[in-house]
Amino acid sequence: AQTVTQSQPEMSVQEAETVTLSCTYDTSENNYYLFWYKQPPSRQMILVIRQEAYKQQNATENRFSVNFQKAAKSFSLKISDSQLGDTAMYFCAFMKPLHGSGNTGKLIFGQGTTLQVKP
Amino acid sequence: EAQVTQNPRYLITVTGKKLTVTCSQNMNHEYMSWYRQDPGLGLRQIYYSMNVEVTDKGDVPEGYKVSRKEKRNFPLILESPSPNQTSLYFCASESGNLVNEQFFGPGTRLTVL
Chain A
1 AQTVTQSQPE MSVQEAETVT LSCTYDTSEN NYYLFWYKQP PSRQMILVIR QEAYKQQNAT
61 ENRFSVNFQK AAKSFSLKIS DSQLGDTAMY FCAFMKPLHG SGNTGKLIFG QGTTLQVKP
Chain B
1001 EAQVTQNPRY LITVTGKKLT VTCSQNMNHE YMSWYRQDPG LGLRQIYYSM NVEVTDKGDV
1061 PEGYKVSRKE KRNFPLILES PSPNQTSLYF CASESGNLVN EQFFGPGTRL TVL
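As you go down the protein sequences, you meet chains A and B in turn.
1 is the number of the first residue of the first sequence in the numbering used here; add one for each residue after it.
1001 is the number of the first residue of the second sequence in the numbering used here; add one for each residue after it.
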């Protein structure tokens, strides 16, 4: 069974600094997807960034980037120029396509990392 | 506006009193899913549906039922709620094409006394 581990329950960073959130996963699959979701105090789940396992290039979305190490099964999130609005819980998630469909599947989440951005 | 809606957003109930949490999406998505979020455990899948009349168990289905009679709706039913079902519940939907993004509802905070 696939598992996702986030070993940092809480982190803090000064505004405008850079912070990296760690995530490791365990799978025997070769084709899968990885995600980072943000959950602010409003509790809404917001997709931050997505990585396809077959792509070697690390995904980037504005101030958010990932370091995807497939052999090490590591998927860390880097937030540059941290802003107060980045304060939230962040979840790493793994998706394996279901029933060979290739495109829909169950998200398996890590435990979450609470990030506090300090002014 | 494309969205997933859930009702109610907050619910306090007592053990054994049947309840239904509704979920509806307006994006014509085929895939829908229910998750529960508990501290230190992240989100875990309860049930999912690949299409109308097609449902299957996720990782923590005990004590829950679902139905998918229409494409847009995917209600979660607790026939006899117990305190260990106190949690934050999320409904999600996905188009099933190459996007791979699951859209989440706003969440339902359920407390079972």
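Just so it is clear, CB atoms sit at the ideal spot from N, CA and C, and this is done for glycine as well.
Values in this document were obtained by computation on a predicted structure and should not be read as measured data.
Please confirm whether K38 of chain A has its beta-carbon closer than 8 Å to some beta-carbon of chain B. no
Cβ-Cβ distance between R36 of chain A and L84 of chain A below 8 Å: Reading off the sequence, residue 36 of chain A comes out as Trp, not Arg. In this structure, L84 of chain A does not lie closer than 8 Å to W36 of chain A by Cβ.
Taking a cut of 9 Å between CB atoms, which residues from the stretch 27–52 of chain A lie near chain B? Y33, F35, Y37, Q39, S42, R43, Q44, M45, I46, L47, R50, E52
Taking Cβ-Cβ distances shorter than 8 Å, what residues in chain A pair up with F1090 of chain B? M45
Closest Cβ-Cβ distance between Q1085 of chain B and chain A: below 8 Å? no
Any beta-carbon of chain B closer than 8 Å to the one on Q69 of chain A? no
Could you check whether G1063 of chain B and Q1045 of chain B sit closer than 8 Å to each other, using their CB atoms as the reference points? no
Neighbourhood of V117 of chain A by C-beta, 7 Å cutoff - its chain only, sequence neighbours within 5 removed: V13, E15, S82, Q83, L84, D86, T87
Have a look at P119 of chain A and P1081 of chain B and give me their C-alpha separation to the nearest angstrom. 43 Å
In chain order, what residues of the same chain lie with their CB nearer than 7 Å to the CB of V4 of chain A, ignoring the 5 residues before and after it? C23, Y25, C92, A93, F94, I108, F109, G110
Give me, in chain order, the residues of the same chain whose beta-carbon lies closer than 6 Å to that of A1002 of chain B; leave out the 5 immediate sequence neighbours on both sides. M1027
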